[in-house]
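In order, the protein sequence lines correspond to chains A and B.
Heads up: the first sequence begins at 0 in numbering that gives the first Met the number 0, then just goes up one per residue.
Heads up: the second sequence begins at 0 in numbering that gives the first Met the number 0, then just goes up one per residue.
Presented below is the structure to which this report refers.
Number of protein chains: 2
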Amino acid sequence: MKQQRKSVAIDMDNVIADIEEQAIIWYERELGVRIPKEAMHGIPEKDAFPDQEALFRFIHAPGFFRTAPVIAGAIEALQRLMLNFDVYIVSAAMEFPLSLYEKHQWLAEHFAFISWHNIVFCGDKSIIHTDYLIDDHPKNLDFCRGKAIMFTAGHNRNHTQYNRVNSWAEAIELLESEL
Amino acid sequence: MKQQRKSVAIDMDNVIADIEEQAIIWYERELGVRIPKEAMHGIPEKDAFPDQEALFRFIHAPGFFRTAPVIAGAIEALQRLMLNFDVYIVSAAMEFPLSLYEKHQWLAEHFAFISWHNIVFCGDKSIIHTDYLIDDHPKNLDFCRGKAIMFTAGHNRNHTQYNRVNSWAEAIELLESEL
């Protein structure tokens, strides 16, 4: 049976980990200004903040990935998907070595039901082969060997060439319609 | 041109990092007995040591992966392969979270010419899709989507069903013959 299950690769940042919200929280804490999520629409994430070096500082700072909030509905959605799909977490973590360990710990805290067998930290995702990839970045979706599904984030709202889901409820609906 | 290059996934442990030698060094340091490499032939690695818990202790101890010797010829071989192939380091690191950071640092020290784009740390390797996989473990080679190449290690000497290379010189010869 296992061979017949389809596989889904799921990105972490802005798909199960709310990096936008975390950046807003850290920006407010450091600079005293709360940037609304809407300010991030349609532009690169870093450009949403008046201090454009801030996001670069945050992603290199201890704790940023470790304490990120979970995207709404992600935990329940992955548990449900695992009933019918082989679910893999596939996260770009090599650019920021500190994030390797923090992302591993974060997954252990929030997604302990995901086996270490099913976790991949990589640079580019072009050699990852699954039936589906859920990601927020065109740079990953464009080189995907399976079916690309764009998970809505502020920065990707103007892209129209992908299958798009705006929430984990929509992602479940789309994937289960393919069973 | 880049699209036409073939891709090679290269395992770390016992392929570019000499984990057998490192285990022998650590065993001798802790227990005062030097186990010859030949004692590892044809049996699981841990069984080569009178104290069969030793290897388990080592792989969970800080520094074990970080200070492992480089396999003879690996650095020059990978530099040469990169002239004609897209080379990826694909290492199982998720079972031992500490090894994530240590393996990243080890690569930065010995293989700084490998971009972070081309590094993958994963659990199982079944979703990795490259034209070739060079690995010492049947459990990885059996689920490989490309051509499997077994790199000789003590524990795998009795396996006869794989394309086998005994050294990096042989690996280069095999891969370049496919150009």
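Every residue, glycine too, gets a C-beta built ideally from N, C-alpha and C.
Please check if any C-beta of chain A sits within less than 8 Å of the C-beta of A8 (chain B).
Within the second sequence, numbered from 1, the residue matching residue 8 (chain B) stands at position 9. For A8 (chain B), the answer is yes, since a Cβ of chain A falls inside 8 Å of its Cβ.
With 9 Å as the C-beta to C-beta threshold (strictly closer), list the residues of the segment 128-153 of chain B near chain A in chain order.
H128, T129, R144
Within chain A, the residues that A178 (chain B) reaches when beta carbons sit closer than 8 Å:
Position 179 of the second sequence, counting from 1, holds the residue named residue 178 (chain B). The sequence shown places Leu at residue 178 (chain B), rather than the Ala named in the question. None at all; the shortest Cβ gap to chain A is about 20 Å.
Nonlocal neighbours in the same chain, by C-beta distance under 6 Å from S98 (chain B), ignoring five residues either side:
Here residue 98 (chain B) corresponds to residue number 99 of the second sequence, with the count starting at 1. So the qualifying residues of the chain are F64, A92.
Chain A contact residues for I118 (chain B), given Cβ-Cβ distances below 8 Å:
Taking the first residue of the second sequence as 1, we reach residue 118 (chain B) at position 119. Going along chain A in sequence order, the residues near I118 (chain B) (Cβ under 8 Å) are M93, C121, G122.
Endpoints, alpha helix (DSSP H) assigned at I18 (chain A):
Position 19 of the first sequence, counting from 1, holds the residue named residue 18 (chain A). Segment 18-30, the alpha helix (DSSP H) holding I18 (chain A).
Please state whether DSSP places S6 (chain A) in a helix, a strand or coil.
Numbered from 1 along the first sequence, position 7 holds the residue referred to as residue 6 (chain A). Three-state DSSP puts S6 (chain A) in a strand.
Using Cβ-Cβ distances below 7 Å, what residues of the segment 68-85 of chain B are close to chain A?
none
Below 8 Å on the Cβ atoms is my contact criterion, and I expect A16 (chain B) with Y131 (chain B) to pass it. Report the Cβ-Cβ distance as a whole number of Å.
Within the second sequence, numbered from 1, the residue matching residue 16 (chain B) stands at position 17. Within the second sequence, numbered from 1, the residue matching residue 131 (chain B) stands at position 132. Actually they are not in contact, since the Cβ atoms of A16 (chain B) and Y131 (chain B) sit about 19 Å apart, beyond 8 Å.
Indicate whether at least one CB of chain A lies closer than 8 Å to the CB of I15 (chain B).
As a working note, residue 15 (chain B) is residue 16 in the second sequence. By this cut-off, I15 (chain B) is not an interface position.
Interface residues of chain B facing W167 (chain A) [CB-CB closer than 9 Å]:
In the first sequence, residue 167 (chain A) corresponds to position 168, counting from 1. The contacting residues do not exist; W167 (chain A) stays about 21 Å from chain B at best.
Using the Cβ count rule (16 or more neighbours within 10 Å means buried), how would you classify A47 (chain B)?
As a working mapping, residue 47 (chain B) is identified with position 48 in the second sequence. So A47 (chain B) ends up on the buried side.
Looking at C-alpha atoms only, which residue of A:I58, A:L106, A:G31, A:E19 is the closest neighbour of I42 (chain A)?
Locating residue 42 (chain A) in the first sequence gives position 43, where the first residue counts as 1. Checked all of A:I58, A:L106, A:G31, A:E19; the closest Cα to I42 (chain A) is A:E19.
Give the secondary structure of I192 (chain A) by DSSP, where H, G and I count as helix, E and B as strand, and everything else as coil.
With chain A represented from 0 up to 178, any question about residue 192 (chain A) goes unanswered, as that position is not in the structure.
Please identify the residue among B:K45, B:M11, B:G62, B:E94 whose C-alpha is closest to the C-alpha of F55 (chain B).
Here residue 55 (chain B) refers to the residue found at position 56 of the second sequence. Checked all of B:K45, B:M11, B:G62, B:E94; the closest Cα to F55 (chain B) is B:K45.
At the level of alpha carbons, what is the spacing between V164 (chain B) and Y87 (chain B)?
Stepping through the second sequence from its first residue, residue 164 (chain B) is reached at position 165. Stepping through the second sequence from its first residue, residue 87 (chain B) is reached at position 88. Cα-Cα distance, rounded: 18 Å.
Which whole-angstrom value describes the C-beta separation of S90 (chain A) and M11 (chain A), a residue pair presumed to lie in contact below a C-beta threshold of 8 Å?
Mapped onto the first sequence, residue 90 (chain A) falls at position 91. Mapped onto the first sequence, residue 11 (chain A) falls at position 12. Right, their Cβ atoms sit about 4 Å apart.
Please list, in chain order, the chain B residues whose beta carbon lies closer than 7 Å to that of P96 (chain A).
Taking the first residue of the first sequence as position 1, residue 96 (chain A) is located at position 97. Near P96 (chain A) (Cβ distances below 7 Å), the residues of chain B are Y100, H103.
Per-residue contacts from I58 (chain A) into chain B (C-beta, under 8 Å):
Along the first sequence, one-based indexing puts residue 58 (chain A) at 59. Near I58 (chain A) there are no residues of chain B at all, since even the closest Cβ is about 14 Å away, more than 8 Å.
Check whether the segment 104-119 of chain B touches the segment 121-136 of chain A, taking contact to mean three or more Cβ pairs, one atom from each stretch, closer than 8 Å.
yes
Once DSSP output is grouped into helix, strand and coil, what is the label at R163 (chain B)?
Residue numbering aside, residue 163 (chain B) sits at position 164 when the second sequence is read from its first letter. R163 (chain B): strand per DSSP, three-state reduction.
In DSSP terms, what C121 (chain B) is bridged to
In the second sequence, counting from the first residue as 1, residue 121 (chain B) sits at position 122. Looking at the DSSP assignment, C121 (chain B) forms a beta bridge with A:V119, B:A91.
Quick one: give me the first and last residue of the alpha helix (DSSP H) that A147 (chain A) is part of.
The count along the first sequence starts at 1 and reaches residue 147 (chain A) at position 148. Here A147 (chain A) belongs to no alpha helix (DSSP H); instead the beta strand (DSSP E) covers 146-150.
So which residues of chain B does S114 (chain A) contact, with C-beta pairs closer than 8 Å?
For the purposes of this step, residue 114 (chain A) is taken as residue 115 along the first sequence, with counting starting at 1. Near S114 (chain A) (Cβ distances below 8 Å), the residues of chain B are G122.
Spatial neighbours of N139 (chain B) within its chain, please: C-beta separation below 6 Å, excluding the five flanking residues on both sides.
Start at 1 with the first residue of the second sequence, and residue 139 (chain B) comes out as number 140. Here the set comprises K124.
Any beta-carbon of chain B closer than 8 Å to the one on I34 (chain A)?
Taking the first residue of the first sequence as 1, we reach residue 34 (chain A) at position 35. It does not; no Cβ of chain B falls within 8 Å.
Under 8 Å Cβ-Cβ, which residues of chain B neighbour Y87 (chain A)?
Translated into positions along the first sequence, residue 87 (chain A) becomes position 88. Those are I126, listed as they occur along chain B.
Can you tell me whether DSSP reads D46 (chain A) as helix, strand or coil?
Position 47 of the first sequence, counting from 1, holds the residue named residue 46 (chain A). D46 (chain A) falls in the helix class under three-state DSSP.
Starting from the C-beta of D134 (chain B), find all residues in its chain whose C-beta is less than 6 Å away, skip the five residues before and the five after it, and write them out in chain order.
By 1-based counting over the second sequence, the position of residue 134 (chain B) is 135. Taken in chain order, the residues that qualify are D10, L140.
If you draw a straight line from the C-alpha of R33 (chain B) to the C-alpha of Q104 (chain B), how long is it?
Along the second sequence, read from residue 1 onward, the residue named residue 33 (chain B) stands at position 34. Along the second sequence, read from residue 1 onward, the residue named residue 104 (chain B) stands at position 105. The alpha-carbon separation between R33 (chain B) and Q104 (chain B) amounts to approximately 28 Å.
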